[in-house]
Structures are given as C-alpha cells and as structure tokens.
Amino acid sequence: MVMLTITYVLEDNTQTTISIEKYEKPQQMLNLLENRHYLTEITQNQSQLDKIDQILGENYTLTDTTTDDVLIDEKPLKYRNIYGGHKIVNGHDFELRYFE
Numbered sequence: 188m189v190m191l192t193i194t195y196v197l198e199d200n201t202q203t204t205i206s207i208e209k210y211e212k213p214q215q216m217l218n219l220l221e222n223r224h225y226l227t228e229i230t231q232n233q234s235q236l237d238k239i240d241q242i243l244g245e246n247y248t249l250t251d252t253t254t255d256d257v258l259i260d261e262k263p264l265k266y267r268n269i270y271g272g273h274k275i276v277n278g279h280d281f282e283l284r285y286f287e
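Just so we're aligned, residue 188 is where the sequence shown starts under the numbering used here, counting upward by one.
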C-alpha cells in the first residue's frame with residue numbers, strides 16, 4: 188500500500204506530492220537495525236558503525252540523543268526536507284534523520 192500526501196504552497200499555488208514512504212523509512216531502518224542487534228551492540232561499544240553505515244546509505248545522521256553523541260554523520264551540505272525516527276534500546280534514544 189502506498190499513501191500520498193499533497194501539500195499546497197499558498198504563495199504560488201504550487202502542488203507538491205510527497206510519498207508517505209519517505210516518512211516511514213527512518214523508522215523502518217531503525218527497526219531493521221534493532222532486529223539485527225546493531226543498536227544493542229552500539230550501546231556497549233561502537234564496533235558496528237561501519238556495518239550500519241553500509242546499510243543506511245547516504246544523506247543521514249544517526250544520533251544517540253541520550254548521550255548527545257552523533258554516531259554517524261552523512262548529512263549533505265544542502266537539503267530541503269528532513270525525515271526522522273526514534274527508537275529506544277537499552278535506555279538509549281537513537282534518532283535517525285534522512286536529508287533530502
């Protein structure tokens with residue numbers, strides 16, 4: 188099932204269509220990382236960061252907001268939209284943000 192949201196910009200009557208998948212992707216990726224136990228391992232040591240970087244691709248940041256530590260920063264210099272998700276594992280609040 189694909190859902191779409193439509194936004195109207197009042198200044199110039201431009202219509203923009205954004206796929207809901209973009210909003211769901213950060214949470215889906217955090218769930219994948221948790222299912223593979225990578226987030227659990229990060230709370231103990233940061234040895235899995237290279238594997239996580241390969242899974243997530245580019246244009247994102249992964250942050251442990253509990254310790255205010257940016258684990259991986261692949262943020263582009265220019266972007267228009269940010270899509271994010273949170274996942275709590277072992278008392279750590281992980282935030283994944285994708286930039287477009």
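For every residue, glycine included, the Cβ atom is placed at its ideal position computed from N, Cα and C. Values in this document were obtained by computation on a predicted structure and should not be read as measured data.
- Message: So, with DSSP's three-state summary, where would you put Thr247?
- Response: On the sequence shown, residue 247 is found 60 positions in, with the first residue counted as 1. The residue asked about is misnamed: residue 247 is Tyr in this sequence, not Thr. Strand at Tyr247.
- Would you kindly report the start and end of the unbroken alpha helix (DSSP H) that includes Leu219? By one-based count along the sequence shown, residue 219 stands at place 32. That run of the alpha helix (DSSP H) goes 207 to 222.
- Task: Would you decide whether Val276 is buried or exposed? Buried here means 16 or more other CB atoms lie within 10 Å of its CB.
- Result: Numbered from its first residue, the sequence shown carries residue 276 at position 89. By the Cβ-count criterion, Val276 is buried, with 16 or more other Cβ atoms from all chains shown falling within 10 Å of its own Cβ.
- To which residues of the same chain is Thr252 closer than 7 Å at the C-beta, ignoring the five residues directly before and after it? For the purposes of this step, residue 252 is identified with residue 65 of the sequence shown, where counting begins at 1. Taken in chain order, the residues that qualify are Asp280, Glu282.
- Item | CA nearest to the CA of Gln215, picked from Asp256, Glu287, Lys274, Arg267 | Residue mapping note: residue 215 aligns to position 28 of the sequence shown, counting from 1. Checking every option, the nearest Cα to that of Gln215 belongs to Lys274.
- Message: If contacts are defined as beta-carbon pairs under 8 Å, then Tyr225 and Lys212 qualify, I think. What distance do you get, rounded to the angstrom?
- Response: Working through the sequence shown from its first residue, we reach residue 225 at position 38. Working through the sequence shown from its first residue, we reach residue 212 at position 25. That belief does not hold up - the Cβ atoms of Tyr225 and Lys212 are roughly 17 Å apart, past 8 Å.
- Range covered by the beta strand (DSSP E) that runs through Leu283: Residue numbering aside, residue 283 sits at position 96 when the sequence shown is read from its first letter. If you look at Leu283, you'll find it in the beta strand (DSSP E) that goes 279 to 286.
- Task: With a cut-off of 8 Å on the beta carbons, I'd call Lys262 and Thr248 a contact; round off their distance for me.
- Result: Working through the sequence shown from its first residue, we reach residue 262 at position 75. Working through the sequence shown from its first residue, we reach residue 248 at position 61. About 5 Å separates the beta carbon of Lys262 from that of Thr248, a gap short enough to meet the 8 Å contact definition.
- Taking the alpha-carbon positions, what's the Ser206 to Arg267 distance? Numbered from its first residue, the sequence shown carries residue 206 at position 19. Numbered from its first residue, the sequence shown carries residue 267 at position 80. One Cα belongs to Ser206, the other to Arg267, and the distance between them is close to 15 Å.
- Query: Taking Gln231 as the reference, which of Tyr270, Arg284, Thr254, Asp260 has the closest Cα?
  - Reply: As a first step, residue 231 must be located in the sequence shown, where it is residue number 44. Nearest C-alpha to Gln231: Thr254.
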